[in-house]
Every structure is written in structure tokens, then in C-alpha cells.
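Everything on this sheet refers to the single structure shown next.
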Amino acid sequence: MIPLSVPWLAGNEARYLAECVEEGNVSAAGRFVERFEREFAEVTGTAHAVACASGTAALHVALRLAGAGPGRLVAVPTFTFIASANAATYCAADLLLVDSEPRTWNMDTARLHDEVVRRARTGDRLPDVVEVVHVLGHPADMEPLLALKDRFEIPIVEDAAEALGASWSGGPLAGRSVGSVGRFGCFSFNGNKIITSGAGGMIVTGEEHLAREARYLINQAKQGDQYVHETVGYNYRLPNLAAALGCAQLEQLADAVAARRALAARYRELLAGLPLTGPPSEEWARPSHWLYSVLVEDAGIEADELVTKLNSHGVGARRLWPPVHLQKPYARSERLGGAVAEDVFRRGLSLPSSSQLSVDEQRRVAAALRQSWSTPVRGSAQ
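Numbers 28 to 409, taken from this note's numbering, label the letters of the sequence shown in order.
Here you go:
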């Protein structure tokens, strides 16, 4: 089976892990955690970075510090992995689930902007925080959100879990990395991401006091070396072992992102002529192409059926996530639209996208796709 996305462990991973073992620093203490934070801040163009246990943990802490809490409203895209919504729910906040726009599949930030302006005129409830997700590695359109921040002082938290290495190439944010624009940016280092620390996450921010508060919360809100706690914190620290792996992976980030972009260009050539709509790639954005995802056009086959066929040919494709508003825990959440997100889910699937995916493997994926339109699903009626 050609896997969907697996780690590219081609550098100093074994060496750095061995150093942790030799030094006896395998838990939260150790030199690799501080190094990982420092180097990650440099890579993303931010002033401060705080390592933590997962991307979800990063979002939880960032949202709490941005103002999410009981009786507060957080605007979240409905087309996203459910962790984006869960992190706001951990804060006991209410959710406003915002539809996607069709060009990037990201949150329809222009629609949200207009809705907030309308609510301000009518005296209706405004979002207290906006959590924007850079879905599948494509930067979101941030300008409408920045206008809301300036006019209504609504803080922005960027969920960049899927988009490390992506940036804006045009407009007022040209040259900026995802995660560097909001009050906080949050990243994930799960095993299927562009780089991995096995598991882990990172919070980035331009404000020193916010970094200090984040570090305080992820360490059980402990005051210095004394076991004194004035608020409820979390056990969200990143182990030194994981940070060592992250440091080795970060050394290969530029190559990994270049490989994903080359992979995307090659897929566009190999899949030409098939009834598929390729992934977004706006002229003002430089996507990192975490997972190369496509939409099935109406051509006698559904996305579910296509995934089944690809899997039977040894291709590890998978469906995209159901919109959050279709998930049971959030069925009653307030929402702004949803039809675009539902359409992307209905027609969408992701193809193998590992950084080390070979040209031959991509050709096999393309061949399996072409064959899928002429071969019935195994076990189906002939």
C-alpha cells in the first residue's frame, strides 16, 4: 500500500535521540526543547515559540489566552479537522461555524466580515475570537479578518497545523509565513505532518507576555520551582525526546516543502484529463501542499467509491473530513452557511503525499485513478 503521508526521517533523528538517552534527558527537561522553540520561531518569522504536547494543546492554550471561555463566541471554519472546534469547546466557548469559500476551501473570511459588520449594526452577538485554519496547507485570505481585528478588536488565532512552510506571496502579507499574522499561530507535529516530532505542537506569538503565559499554562500553571498554583493549568509540555526529533526534522523543512510542491506539480501533469478538480493554489499564496487533495467531478463515480477502488489498487487515499456542523457534538452550534463545505466533503479525497513519494509511486497512483473510471468496485454488481 502506498501510504497517505508518512515521516521523512532522513537526517539527524537517530543521532539526536541517542544524545537524549546518553544525557539522561528524555522527559520535559533538556536542551532540545529550548533549541526547537528558538529555531522554530526563526523559521516562522515570529518572536517567540512555545513547544507543547500536540497541535490541539497549542490551540487550547492559545484560544484561552485570546479570550475564549464560558459565554464567549469563537468563529471556527466548519470544514476542518474536528480538533479546531474541540479546542474552543475545551474553553467552554460557544461556536460560530463558518462555511468555506470555493476557491481555497478555507473559511469564507469575507462572508464572516460582512456578518460581523451586520451584527454590529443590529446589536447582535459578535465573535470574541476568530480561529482561522489554513486547510491542507493553503493560506487563508486574512485581509477581511485583519479588518475585523482593527475595527472591532477581535483577536485572531491561526490554526496552521496543516500548513507549516506555507506563506503569502502577494498582497499586504507577501513574504509572511502562516502562523505569524494572528495573535497566536498554532502548529502540529503529528506523524503525518510535513515534519514530525512523533507527537507535539507549537504556539508562536509576537508578544513576550503571551509566550510567558502560554509556557506557564502548559506546565500546570506552576509558579517557578515552588508547587504553588494560582489557576488551573495543563500537563502539555513537550518531552526532550520529541523536541530532539523535531530539531532534526526542522533541519529538513525546506527540502520537505520543496518536495511537496514538486509532488503537487507532478500530480497536476499526471492527472490531466481526469474528471478531477485539483487542490487550490491562488496566485497570492504559496501552499505547502500537506495533502494533495482533489474534488471528484460528476462523472459517474462518488468519492467514497473512488477511495474504495484506489485502496483495492494499493493506494492509500482517504476521504476529507465531514464538516463540523455535521458532527454530532456540534449539530446545534450556530453556523454561517455550510453548503460549500458540504460539497467539498462530498466530492473530496486526499492522495498519497509523503515528501519522499517517488515518481514511480505517483505514476502508480495516477494509473489507479485512470483505471478506477473503467473498473467496478470489487464485489459490486456487474
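Ideal Cβ placement from N, Cα and C applies to all residues, glycine included. Note that this is a predicted model, so its numbers are computed, not measured.
Straight-line Cα distance separating residue j from residue i
i	j	result
Gly192	Thr71	8 Å
Ser54	Cys79	12 Å
Leu173	Tyr263	30 Å
Phe179	Arg362	20 Å
Trp195	Leu86	22 Å
Leu200	Gln253	43 Å
Arg65	Leu333	44 Å
Ser215	Phe67	12 Å
Glu240	Leu92	8 Å
Val374	Pro314	Looking at the sequence itself, residue 374 is Arg, so the reference to Val does not match. Going by the C-alpha atoms only, they are around 21 Å apart.
Ser360	Asn52	44 Å
Leu280	Asp151	44 Å
Val140	Arg391	A quick correction: the sequence has His, not Val, at residue 140. About 44 Å.
Asp126	Ala147	20 Å
Val181	Asp282	According to the sequence shown, residue 181 is Ile rather than Val. Cα-Cα distance, rounded: 36 Å.
Thr223	His75	20 Å
Cys118	Thr83	12 Å
Ala299	Gly227	37 Å
Gln324	Asp370	It should be pointed out that residue 324 corresponds to Glu in this sequence rather than to Gln. Spanning the two alpha carbons is a distance of roughly 11 Å.
Val103	Glu49	44 Å
Val143	Thr136	10 Å
Asp168	Val255	43 Å
Val19	Thr149	Coverage of the chain is limited to positions 28 through 409, which leaves residue 19 absent and any answer about it impossible.
Gly209	Val162	16 Å
For residue i, the first and last residue of its enclosing alpha helix (DSSP H)
i	result
Arg359	Careful: Arg359 lies outside any alpha helix (DSSP H) and carries neither H nor E.
Glu185	Where Glu185 is concerned, there is no enclosing alpha helix (DSSP H), although the beta strand (DSSP E) it sits in stretches over 183–186.
Thr245	The question names Thr, but residue 245 in the sequence shown is Ile. That run of the alpha helix (DSSP H) goes 235–245.
Val367	366–374
Tyr319	Counting along the chain, Tyr319 falls outside any alpha helix (DSSP H), though it belongs to the beta strand (DSSP E) covering 319–323.
Asp252	Here Asp252 belongs to no alpha helix (DSSP H), and DSSP marks it neither H nor E.
Asp126	Asp126 -> no alpha helix (DSSP H), and no H or E assigned at all.
Nonlocal neighbours in the same chain, by C-beta distance under 8 Å from residue i, ignoring five residues either side
i	result
Gly260	Tyr243, Leu244, Ile245, Asn246, Gln247, Ala248, Lys249
Phe372	Phe106, Arg346, Leu347, Trp348, Pro349, Pro350, Leu353
Val386	Arg293
Residue i, enclosing beta strand (DSSP E) - first and last residue
i	result
Phe211	211–215
Cys79	75–79
Pro171	No beta strand (DSSP E) contains Pro171, which is instead part of the alpha helix (DSSP H) from 170–179.
Gly228	228–232
Glu158	156–160
Ala102	100–104
Sequence-distant residues of its chain with Cβ nearer than 6 Å to residue i (five each side left out)
i	result
Ser207	Thr71, Gly72, Thr73
Val284	Gly192, Ser315
Presumed contact (8 Å Cβ cut-off) between residue i and residue j, rounded CB distance
i	j	result
Val205	Pro166	5 Å
Leu301	Arg397	7 Å
Sequence-distant residues of the same chain with beta carbon closer than 7 Å to residue i, five excluded per side
i	result
Phe108	Trp348
Leu297	Gln389, Arg390, Ala393
Pro266	Val53, Ser54, Ala55
Leu268	Leu44, Cys47, Val53
Proximity of residue i and residue j at Cβ, strictly below 8 Å
i	j	result
Leu322	Leu303	yes
Glu278	Asn39	yes
Leu337	Ala395	yes
Ala275	Ser382	no
Cys213	Ala89	yes
Ser320	Ser377	yes
Thr131	Pro307	yes
Ala95	Val156	yes
Glu61	Val101	no
Phe63	Ala270	yes
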